[in-house]
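Under my numbering, read the sequence shown as residues 1 to 84, first letter to last. Here the structure is laid out as structure tokens; the discussion comes afterwards.
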Amino acid sequence: MKKTEKILPIIMGIVGIVIIVDVFLEQFFNIGTKQNSLTLIYCISIVLLSTQYKGMIKNKFVMIPLYIMILQTIYSLITTYVLV
């Protein structure tokens, strides 16, 4: 149990950073495609893991990429529907 609680935030942080870079490149430079399935799996895993491991919500390696993804989503919604 102790090892999984230490390694899961690192894995989630790395996956979160990969998603952030992928979305950034797709939004601003039109390079590549947005990986919607990976983003969905990431968000579902955060919800499921945070219910099992309470310390997951307090870890900055998990929450900062999540907050950045939320900001990217808000930016995307604004540019898609408001600034058209």
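Built from N, CA and C at the ideal position, the CB exists for glycine as well.
For N36, verify whether its CB is less than 7 Å away from any heavy atom of the ligand MN. This structure does not include the ligand MN; it has no bound ligands of any sort.
If we count the other Cβ atoms within 10 Å of its Cβ and call it buried at 16 or more, is T39 buried or exposed? Buried, because 16 or more other Cβ atoms sit within 10 Å of the Cβ of T39.
Please report the distance separating the alpha-carbon of M56 from that of V47. 10 Å
Anticipated Cβ contact below 8 Å, M63 with I19, distance rounded: The Cβ separation is near 14 Å, so there is no contact.
Backbone CA spacing between M12 and D22 [nearest angstrom]: 15 Å
Just to confirm my understanding: we take Q35, look at its own chain, exclude 5 residues before and 5 after, and list those with CB closer than 8 Å. What are they? I19, D22
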